[in-house]
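A short worksheet on the structure shown next.
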Amino acid sequence: MGEFWSTTVLNYCIALGVVLGGAMLGGIGAFFGNEPPMDTMLRLSEHLKIWALVAALGGTFDTIKSFEVHILGGEMSQVFQQLVFILSAFFGAHFGTVLIRWLIQGDL
Amino acid sequence: MAKPVRVQLIRVLVTFLFGVVAGLTVMNLLYGEKLDALYLERNHLYYRNNEKYKKIQALEKDLNKHTDNLTIGQDISVEVKLPENESRFYQDKIQQEVQSIMHPFVGKSVHWVSDNPEVLDSLLEKRIIQIQDEKKPTNPPKIFHLKLQYLTFVGSKLKVWVVAHEKPKEIEEE
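The listed protein sequences correspond, in order, to chains A and B. The first sequence stops at residue 491 when you use the working numbering, and every number in between is there. The second sequence stops at residue 199 when you use the working numbering, and every number in between is there.
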């Protein structure tokens, strides 16, 4: 597997892990803090989505900076790669949220 | 040799902690729904309790408004209970005396008196009533102590039940 695909899969998994792990451990925290655990998990999965994306991409500024550099340098294939990384992270985070929602509400 | 043992121990400890977290997660997933339902039920009960409390307060306010206008009427009714062996002759006299003691309460708010019944109680408890037997004017007067037993309001009419005890002779002499 080339570096491009491995990074894409890695971004997807990181974003998915941040949402799932954050929601699960947040649910445990809610249990100890006298709050409804499932409801907290659902809320957290929605809130963590954007942060999972940021965490998977390794900070927003690096990605924006690389966009600038590649667009100005005329390397459109690199710009496309960055877009794919962002999309894979987004789909990972979204899949995590959908999984949590499915687990709690029973529907997608 | 010591270092690998330490590393091994740390690994065991971390694995144990991971197990704890995994166990907690599984427990949360199994019982989370039930807990959520219980929290929901609790919040619903809090809400309903608050609603009832507000309703009670509004009703109390209405009741206070209604009762504040009522004042104690002139016709204070007094029931006197005497000891079994005591002559019924004294009953009317004590009744009259108690009515005169109660007279300052005429025109006072029913609400105020019903909120502070201890005022009536202490007023009666400190009174000593002396009654002279009219048929035997040479005899020393009988001395009675009073104690408030019950107190009721029917509209603006105050009714009190009083128990009268004769003061013992020994204490009298002291």
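Where a beta carbon is used, it is the ideal one built from N, C-alpha and C, also for glycine.
### Message
Using a 10 Å radius around the Cβ and a threshold of 16 neighbouring Cβ atoms, would you call residue 59 (chain B) buried or exposed?
### Response
Exposed is the call here.
### Query
With burial defined as no fewer than 16 other Cβ atoms inside 10 Å of the residue's Cβ, what is the status of residue 413 (chain A): buried or exposed?
Burial of residue 413 (chain A) is indicated by the presence of at least 16 other C-beta atoms within 10 angstroms of its C-beta.
### Message
Can you tell me whether residue 163 (chain B) is buried or exposed? The criterion is at least 16 other CB atoms within 10 Å of its CB, across all chains shown.
### Response
Around the beta carbon of residue 163 (chain B), a 10 Å sphere encloses fewer than 16 other beta carbons of the protein chains shown; the residue is thus reported as exposed.
### Message
Less than 8 Å between CB atoms is the rule here; does residue 478 (chain A) satisfy it with respect to chain B?
### Response
With 8 Å as the cut-off, residue 478 (chain A) does not count as an interface residue toward chain B.
### Query
By how many angstroms is the C-alpha of residue 136 (chain B) removed from the C-alpha of residue 177 (chain B)?
Cα to Cα, the separation comes out at about 12 Å.
### Task
Look at residue 138 (chain B) and residue 130 (chain B) and say whether their C-beta atoms are less than 8 Å apart.
In this structure, residue 138 (chain B) places its C-beta atom within 8 Å of the C-beta atom of residue 130 (chain B).
### Task
Please list the residues of the region 35-46 of chain B that have a C-beta atom closer than 8 Å to any C-beta atom in chain A, keeping them in chain order.
Within the region 35-46 of chain B, the residues whose Cβ lies closer than 8 Å to some Cβ of chain A are 46, listed in chain order.
### Close beta carbons around residue 420 (chain A), own chain, < 8 Å, minus the five adjacent residues each side
Cβ-Cβ distances below 8 Å link residue 420 (chain A) to 410, 411, 413, 414 in the same chain, with the five nearest sequence neighbours on each side left out; the list follows chain order.
#### Entry: Residues near residue 198 (chain B) by beta carbon distance below 7 Å, same chain, minus five either side
Confidence at residue 198 (chain B) is low in this model, with a pLDDT of 48, below 50, so the placement of that residue should be treated as unreliable; the coordinate-derived value is given next. No residues qualify anywhere along the chain.
### Query
So with Cβ pairs under 8 Å, would you call residue 5 (chain B) a contact of chain A?
No answer is possible for residue 5 (chain B): the residues shown for chain B start at 26 and end at 199.
### Query
Does the beta-carbon of residue 153 (chain B) have 16 or more other beta-carbons within 10 angstroms, so that it is buried, or is it exposed?
Residue 153 (chain B) sits exposed, since fewer than 16 C-beta atoms from the chains shown fall within 10 Å of its C-beta.
### Task
Could you tell me which of B:30, B:180, B:168, B:34 sits nearest to residue 116 (chain B), measuring between CA atoms?
Residue B:168 is the option with its Cα nearest to residue 116 (chain B).
### Message
Can you confirm whether the region 100-108 of chain B touches the region 183-192 of chain B when touching is taken to mean that 3 or more C-beta pairs between the two stretches lie within less than 8 Å?
### Response
Yes: at least three Cβ pairs fall under 8 Å.
### Query
When the Cα atoms are used, what is the spatial distance from residue 32 (chain B) to residue 42 (chain B)?
Roughly 15 Å between the two C-alpha positions.
### Query
Who are the Cβ neighbours of residue 428 (chain A) in its own chain at under 6 Å, not counting the five residues just before and after it?
The beta carbon of residue 428 (chain A) sits closer than 6 Å to the beta carbons of 402, 406, 480, 483 from its chain, once the five residues preceding and following it are set aside; these are given in chain order.
### Task
Please decide whether residue 483 (chain A) counts as near chain B, where near means a Cβ-Cβ distance under 8 Å.
For residue 483 (chain A), the nearest beta carbon of chain B is not closer than 8 Å to its own beta carbon.
### Query
Among B:118, B:141, B:67, B:75, which residue has its Cα nearest to the Cα of residue 166 (chain B)?
Taking only the C-alpha atoms, the option nearest residue 166 (chain B) is B:118.
### Task
Under 7 Å between beta-carbons, which chain B residues line up against residue 422 (chain A)? List them in chain order, please.
At a beta-carbon threshold of 7 Å, the residues of chain B lying near residue 422 (chain A) are 61, ordered along the chain.
### Query
Does the Cβ of residue 180 (chain B) have 16 or more other Cβ atoms within 10 Å, making it buried, or fewer, making it exposed?
Classification of residue 180 (chain B): exposed, given that the 10 Å Cβ count is below 16.
### Query
Between which two residues does the beta strand (DSSP E) harbouring residue 178 (chain B) extend?
From DSSP, the beta strand (DSSP E) with residue 178 (chain B) extends over 167-179.
### Task
Starting from the C-beta of residue 97 (chain B), find all residues in its chain whose C-beta is less than 7 Å away, skip the five residues before and the five after it, and write them out in chain order.
Answer for residue 97 (chain B): 130, 131, 132, 133, 135, 138, 181, 183, listed in chain order.
### Query
Should residue 423 (chain A) be labelled buried (16 or more other beta-carbon atoms within 10 Å of its own) or exposed?
By the 10 Å Cβ count, residue 423 (chain A) comes out buried.
#### Entry: Cβ pair residue 476 (chain A), residue 399 (chain A) closer than 8 Å
Closer than 8 Å, so yes.
### Message
With the cut-off set at 8 Å, would you say residue 391 (chain A) and residue 460 (chain A) are in Cβ contact?
### Response
For residue 391 (chain A) and residue 460 (chain A), no; Cβs fall outside 8 Å.
### Message
Is there a Cβ of chain A sitting closer than 8 Å to that of residue 171 (chain B), yes or no?
### Response
False, the Cβ-Cβ gap to chain A never drops below 8 Å.
### Query
Within 8 Å (strictly less), CB to CB, does residue 28 (chain B) reach chain A?
Contact with chain A is absent for residue 28 (chain B), since none of that chain's Cβ atoms lies less than 8 Å from the residue's Cβ.
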